Every structure is written in C-alpha cells, then in structure tokens.
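Participant:
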Amino acid sequence: MRIWVPSDAAADVLSDLPGVECAVYDGSGPLPEGIEEVEVWIPPLVTVPDVPGILSRMTSLRLLQTVTAGVEPYRPYVPEGAVLCNARGVHDAGTAEWAVGAMIAVLREFPGFVDAQRRGEWTYHHTDVLADATVLIVGYGSIGAALERRLDGFEVEVVRVARTARDGEHGRVHGMDELPALLPGADVVVLLVPATADTAGMVDAGFLARMKDGAVLVNAARGGIVDTDALVAELKTGRLRAALDVTAPEPLPAGHPLWSAPGVLITPHVAGSTPASGRRLLRLLRSQLLRHLAGEPLNNVITDAY
Numbered sequence: 134m135r136i137w138v139p140s141d142a143a144a145d146v147l148s149d150l151p152g153v154e155c156a157v158y159d160g161s162g163p164l165p166e167g168i169e170e171v172e173v174w175i176p177p178l179v180t181v182p183d184v185p186g187i188l189s190r191m192t193s194l195r196l197l198q199t200v201t202a203g204v205e206p207y208r209p210y211v212p213e214g215a216v217l218c219n220a221r222g223v224h225d226a227g228t229a230e231w232a233v234g235a236m237i238a239v240l241r242e243f244p245g246f247v248d249a250q251r252r253g254e255w256t257y258h259h260t261d262v263l264a265d266a267t268v269l270i271v272g273y274g275s276i277g278a279a280l281e282r283r284l285d286g287f288e289v290e291v292v293r294v295a296r297t298a299r300d301g302e303h304g305r306v307h308g309m310d311e312l313p314a315l316l317p318g319a320d321v322v323v324l325l326v327p328a329t330a331d332t333a334g335m336v337d338a339g340f341l342a343r344m345k346d347g348a349v350l351v352n353a354a355r356g357g358i359v360d361t362d363a364l365v366a367e368l369k370t371g372r373l374r375a376a377l378d379v380t381a382p383e384p385l386p387a388g389h390p391l392w393s394a395p396g397v398l399i400t401p402h403v404a405g406s407t408p409a410s411g412r413r414l415l416r417l418l419r420s421q422l423l424r425h426l427a428g429e430p431l432n433n434v435i436t437d438a439y
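Residue 395 in this note's numbering is what sits at position 262 of the sequence shown, and the numbering runs on without skipping anything.
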C-alpha cells in the first residue's frame with residue numbers, strides 16, 4: 134500500500150505496518166513518484182499547491198486523512214470511492230489554550246504593557262478582567278468543549294452555540310438561529326465554527342454591531358468567517374477589541390490596516406501548532422491506518438458539509 138505522508142515523523146510511526154510503503158511529501162519540491170498508486174494521502178498542515186490537480190491523478194485513493202480539523206481545501210475534490218477524514222480532537226488542547234490566553238491578554242492589556250516595557254515606562258492603570266465575564270462560544274464542538282473545561286475556575290458564565298440546539302453535558306447548547314439575541318450579552322465572543330458556505334462572512338457589520346461595547350472577538354476558526362473591513366471599522370472606533378489567530382487575507386500582508394488597528398492582538402495561525410498536537414496527530418494517524426488496513430470503520434469521517 135502506497136501512502137503519502139507529510140513528515141518523517143509520520144513515516145516513522147507508520148513504517149512498521151504490514152505492506153505499507155511511505156513517501157514523504159511536505160508540499161515543497163516535486164511530487165513523489167507513483168501518484169496513481171497512492172491509496173492513502175495525509176497532506177501537510179499548510180495546503181499544498183494544486184490540490185485539484187493532485188487529487189485528479191490519485192486514481193487509487195481510498196483515504197484522504199487531513200492533519201487539520203478543517204477540510205475545506207480538499208472536500209470539493211475528493212475522488213469517487215475515497216473517504217475524507219479530518220483530525221478532530223488533535224488540536225483541541227492547543228487551540229483552547231490559545232483562546233484562553235488570547236482573551237486574557239486582550240482583557241488585561243498585555244500587549245500594551247509589553248510596548249510600555251520596551252519604552253521603559255511604568256503605565257499603571259486598571260484593566261478589564263475575565264472574572265464575571267460572559268463567554269459566548271460560537272461553534273461548540275470538541276474544541277469548544279475543551280475551551281469550556283479550561284475556563285472552569287475563571288469564574289465566568291459560558292454560553293454555547295452550535296449549528297443546532299441540543300442538551301449538552303454541561304448545559305444547554307443554543308442553535309445558531311438564537312445567536313443574534315445572545316450577542317449583546319457577551320463580553321467575549323469566541324469563534325470556533327468550521328469554514329463552510331454557511332459560515333463564510335457570518336461575522337459581518339450586523340454581527341459586530343450586536344456585540345456590546347468593549348466586547349472582545351476571539352477568532353480561532355478561519356479568517357474568512359469574519360468580514361475584515363467591518364472588523365477594522367469597529368476596532369478603529371475603539372468600541373470592540375479582538376484577538377485573531379486567523380485573518381483574511383492570510384498571511385496578512387505588510388501594511389494591511391488590521392496590523393495597526395487599535396485593540397487587536399494578532400498571532401500567525403499558531404493556536405494548534407504545539408508539541409501536544411504533534412503527539413496526538415501521530416497517535417491518530419497510526420490508529421486510522423490500523424483501522425483502514427483491518428477494514429474497520431474510520432474515525433472522523435466527513436459525510437456532510439463538515
């Protein structure tokens with residue numbers, strides 16, 4: 134069985150499986166030989182060039198296993214007869230941890246204090262605080278649940294929103310149709326929704342206008358979910374603040390107005406890029422390949438838009 138893997142580490146963890154032949158393709162350089170014989174493809178973290186062209190040549194593909202929770206670059210082009218699986222759960226810890234750190238950093242004004250430190254200035258003043266805040270999680274899946282576990286102890290109220298309403302383990306999960314009424318009560322709004330046709334541009338001027346004065350928008354999902362121009366307009370007024378691990382466009386080009394907008398913390402899509410994610414990814418890959426070889430049901434199969 135020919136498998137394309139994104140790294141030497143992935144090849145090492147799969148190399149002892151019977152009948153498996155791994156070729157490393159990290160998205161740079163020429164494609165490995167034998168693309169027509171590839172049965173399993175595990176693409177790298179950064180989307181490779183010409184996904185449609187590659188997949189159109191993978192006539193033997195049976196499993197496309199992403200290393201991310203998002204599958205939007207691949208889903209439209211999966212060949213007939215192949216199964217698409219994502220890496221749900223792999224990045225939960227890192228992304229949830231980033232979200233907590235980011236909201237605290239913005240509320241406690243850490244970026245401003247770092248700037249003052251560099252200038253050698255003692256800028257004492259009161260700041261906002263996470264305690265007693267209402268945190269609205271928009272896209273309450275496995276990462277949302279991981280975020281709520283990490284918020285336990287911070288003395289906050291967590292409000293959960295998912296595609297459809299349901300009774301959750303920790304309380305009610307509201308449906309997306311209830312979101313407009315929930316936005317005005319939130320001090321922090323965390324975006325964890327997948328990138329789909331329904332979520333593209335969902336955080337538009339109207340969404341932002343419903344947020345309360347001084348609220349913080351935290352985007353750990355995808356940049357295209359937010360209307361960047363509308364967000365910049367709100368940030369410039371000082372009414373809202375934001376912490377962004379993803380942007381549109383991405384990478385954010387030099388000179389873009391988002392860089393210099395007040396009240397925003399930007400990190401370069403690093404929330405899930407941690408050693409913990411790496412370890413969990415290797416465990417997932419081995420588990421999936423063992424299931425595939427045994428003909429057992431796979432985990433994280435994508436059957437709908439997401």
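For each residue, glycine too, the CB sits at the ideal point set by N, CA and C. Since the model is a prediction, treat every value here as computed from it, not as a measurement.
If you drop the 5 nearest sequence neighbours on each side, which residues of the same chain put their C-beta closer than 6 angstroms to that of glycine 277?
Facilitator: Excluding residues within five positions, the ones whose Cβ falls inside 6 angstroms are Ile270 and Leu325.
Participant: Could you check whether the stretch 357 to 368 touches the stretch 237 to 247, counting it as contact only if at least three pairs of C-beta atoms, one from each stretch, sit closer than 8 angstroms?
Facilitator: No, the stretch 357 to 368 does not touch the stretch 237 to 247.
Participant: So, with DSSP's three-state summary, where would you put arginine 424?
Facilitator: DSSP places arginine 424 in helix when its eight states are reduced to three.
Participant: Nearest CA to the CA of phenylalanine 340: which residue from Pro317, Val184 and Arg419?
Facilitator: Comparing Cα-Cα distances from phenylalanine 340 to each of Pro317, Val184 and Arg419, the minimum goes to Pro317.
Participant: Span of the beta strand (DSSP E) holding valine 247?
Facilitator: That residue, valine 247, is in no beta strand (DSSP E); its alpha helix (DSSP H) goes 243 to 252.
Participant: I'd like the list of long-range same chain contacts for glutamate 170, defined as Cβ closer than 8 angstroms, with 5 residues on each side in sequence excluded.
Facilitator: So the qualifying residues of the chain are Arg135 and Ser193.
Participant: Under DSSP, the beta strand (DSSP E) around glutamate 172 begins and ends at which residues?
Facilitator: Per DSSP, glutamate 172 belongs to the beta strand (DSSP E) from 171 to 174.
Participant: Determine the DSSP secondary structure at aspartate 159, reduced to helix, strand or coil.
Facilitator: Correct three-state label for aspartate 159: coil.
Participant: Can you tell me whether histidine 224 is buried or exposed, with buried defined as 16 or more other CB within 10 angstroms of its CB?
Facilitator: With 16 or more other Cβ atoms within 10 Å, it is buried.
Participant: Ends of the beta strand (DSSP E) at threonine 267?
Facilitator: Taken as a continuous stretch (DSSP letters only), the beta strand (DSSP E) holding threonine 267 covers 267 to 271.
Participant: Per DSSP, asparagine 352 is paired with what?
Facilitator: The partner list for asparagine 352 (beta bridge, DSSP) reads Leu324 and Leu377.
Participant: What residue range does the beta strand (DSSP E) around tryptophan 392 cover?
Facilitator: That residue, tryptophan 392, is in no beta strand (DSSP E); its alpha helix (DSSP H) goes 390 to 393.
Participant: What is the rounded straight-line gap between the Cα of histidine 402 and the Cα of valine 379?
Facilitator: If you take the alpha carbons of histidine 402 and valine 379, they lie about 5 angstroms apart.
Participant: So the alpha helix (DSSP H) leucine 341 belongs to, where does it begin and stop?
Facilitator: Here the alpha helix (DSSP H) through leucine 341 covers 338 to 343.
Participant: How far does the alpha helix (DSSP H) with arginine 372 in it reach, from first residue to last?
Facilitator: It is not in any alpha helix (DSSP H) - arginine 372 carries neither H nor E in the DSSP assignment.
Participant: Could you tell me which uninterrupted beta strand (DSSP E) segments, each at least 3 residues in length, are contained entirely in the stretch 176 to 216, listed from first to last along the chain?
Facilitator: Taking only runs of at least 3 residues, the beta strand (DSSP E) segments lying wholly in the stretch 176 to 216 are 196 to 198.
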